[in-house]
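Residue numbers (UniProt numbering): 1 to 402.
This is the structure:
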């Protein structure tokens with residue numbers, strides 16, 4: 001059976017789906033991106049990326065309407081050999097995995113699948129999800145092949161990392177694995193075969209490991225600060241020419257759409273016996289409260305103008321999903337102060353430029369350490385709260401930093 005498209009990416013215009021689709025299209029794989037986001041569709045059809053991603057727009061301009069196509073017509077699913085599904089397992093208000101998205105998706109789209117197709121799950125899923133999907137398909141009398149091939153990229157660097165990082169592949173049988181391996185070896189040179197559960201846990205372990213590492217730095221930062229010590233003076237002494245500490249991260253807000261969520265998924269999978277994960281969550285999510293409380297112990301916020309520089313969840317990004325800068329903003333809104341925000345990458349009519357925010361603020365929080373902040377000049381009379389030590393290359397010995 002022949003198909004019109006080699007690959008269909010469902011959720012194809014998001015941070016996971018679009019870089020993958022571009023990578024396939026750039027290797028002459030006929031790829032259709034299916035999405036219901038009208039604004040993103042219009043941008044991509046005009047050869048404009050809907051978010052920041054290094055090297056992506058150049059590929060978009062050369063592949064669109066040649067090997068890359070965009071649509072909101074769901075019928076393209078039945079015209080595609082490989083169906084890449086970019087749907088993860090979110091957590092609900094009780095921090096428990098929620099399978100509603102998968103259940104709703106397959107109940108709505110089941111009639112578009114056929115026996116000769118191959119479904120590839122790309123996003124992080126709760127352990128056991130892939131087997132549940134296969135069971136659902138078989139009960140629907142479908143022999144559609146299924147593989148779980150998780151993305152492993154750092155947002156903003158996806159195009160490069162898709163081609164350089166080994167691709168984990170888990171499949172139902174040898175034939176399915178060979179088919180998935182052949183597809184991914186077009187865009188990357190190395191693959192690793194695991195079982196479904198091994199691959200699902202490998203993806204979770206990777207994200208949770210990073211989340212715990214960040215929490216260690218944040219806990220150390222809080223301990224040093226509570227004792228009126230400069231954490232980064234200690235940090236620099238630890239990591240300087242000491243290889244066993246080279247992977248100790250700097251302190252700062254640890255957020256985004258993945259790390260917190262995946263830590264809670266692993267906690268649920270362990271029947272809530274994952275105490276290390278819960279402790280990491282309390283440390284990371286508690287950092288905004290800690291910063292505000294430390295500040296309030298030293299000065300009153302009443303009638304002060306407080307500014308937050310950087311609202312994205314990671315440096316040099318326009319992605320604000322689950323950003324702890326917004327949590328900091330909500331905390332400060334309960335104080336009797338005037339609150340200002342700025343971010344060079346996020347479009348918000350309420351935001352000020354960084355220069356205007358610095359001029360108007362009495363107190364300045366660094367919410368996200370965008371690289372352009374490294375060279376900002378902040379007057380000595382301003383109070384700077386910078387858990388990232390963004391301006392560490394400059395001499396701030398006399399700065400009133402809390």
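For each residue, glycine too, the CB sits at the ideal point set by N, CA and C. Computed from a predicted structure; not experimentally measured.
- Straight-line measurement puts the Cα of residue 4 at about 45 Å from the Cα of residue 277.
- Around the C-beta of residue 15, 16 or more other C-beta atoms lie within 10 Å, and the residue is accordingly described as buried.
- By the neighbour-count definition (other C-beta atoms within 10 Å, threshold 16), residue 320 is a buried residue.
- In the three-state reduction of the DSSP assignment, residue 373 falls in the helix class.
- Restricted to the stretch 47-77, the alpha helix (DSSP H) segments that are unbroken, complete and at least 4 residues in length are 56-63, listed in chain order.
- Taking 9 Å as the cut-off, the Cβ atoms of residue 140 and residue 179 do not count as close.
- The stretch 41-53 makes no contact with the stretch 181-189; the number of CB pairs closer than 8 Å stays below 3.
- Residue 365 carries a strand assignment under DSSP once its states are collapsed to helix, strand and coil.
- About 6 Å separates the Cβ atoms of residue 187 and residue 27, confirming a contact at the 8 Å cut-off.
- Taking 9 Å as the cut-off, the Cβ atoms of residue 221 and residue 251 count as close.
- Put simply, of 208, 204 and 164 the residue whose alpha carbon is nearest the alpha carbon of residue 191 is 164.
- DSSP lists 7 and 118 as the beta-bridge partner residues of residue 82.
- Put simply, the backbone Cα of residue 287 is about 22 Å away from that of residue 92.
- Contact between residue 102 and residue 87 is confirmed by a C-beta separation of about 6 Å, below the 8 Å threshold.
- DSSP places residue 346 in no alpha helix (DSSP H); its state is neither H nor E.
- The beta-carbon separation of residue 354 and residue 309, rounded to 6 Å, stays under the 8 Å limit for a contact.
- Linking residue 97 to residue 197 through their CA atoms gives a straight-line distance of about 16 Å.
- Shown here, residue 159 sits in a helix according to DSSP, grouped into three states.
- Residue state for residue 97 is assigned as strand, using DSSP reduced to three classes.
- With fewer than 16 other Cβ atoms from the protein chains shown falling within 10 Å of its own Cβ, residue 245 counts as exposed.
- Judged by DSSP secondary structure, residue 286 falls within the alpha helix (DSSP H) whose first and last residues are 275-296.
- Listed as beta-bridge partners of residue 146 by DSSP are 119.
- At a Cβ-Cβ threshold of 9 Å, residue 81 and residue 6 count as neighbours.
- Note: residue 305 is bridge-paired with 338 in the DSSP secondary-structure output.
- Judged by pairs of C-beta atoms under 8 Å, the stretch 365-380 touches the stretch 338-345, as three or more such pairs exist.
- Pairing residue 331 with residue 383 gives a Cβ-Cβ distance that is not under 9 Å.
- In this structure, the beta-carbon distance from residue 8 to residue 59 does not fall below 9 Å.
- Approximately 15 Å separates the beta-carbon atoms of residue 258 and residue 312; this is outside 8 Å, ruling out the contact.
- Cβ neighbours of residue 267 within its own chain (closer than 7 Å, five residues either side excluded): 274, 277 and 278.
- Residue environment: residue 24 is assigned as buried (16 or more neighbouring CB atoms within 10 Å of its CB, all protein chains considered).
- As computed with DSSP, residue 171 is found in a beta bridge with 147.
- Secondary-structure assignment with DSSP links residue 193 through a beta bridge to 169.
- Burial check for residue 389: the Cβ neighbour count within 10 Å reaches 16 or more, so the residue is buried.
- By DSSP's assignment, residue 31 forms a beta bridge with 7 and 68.
- Annotation: residue 255 to residue 272 spans about 21 Å, alpha carbon to alpha carbon.
- Nearest to residue 386 by alpha-carbon distance, out of 155, 29 and 218, is 218.
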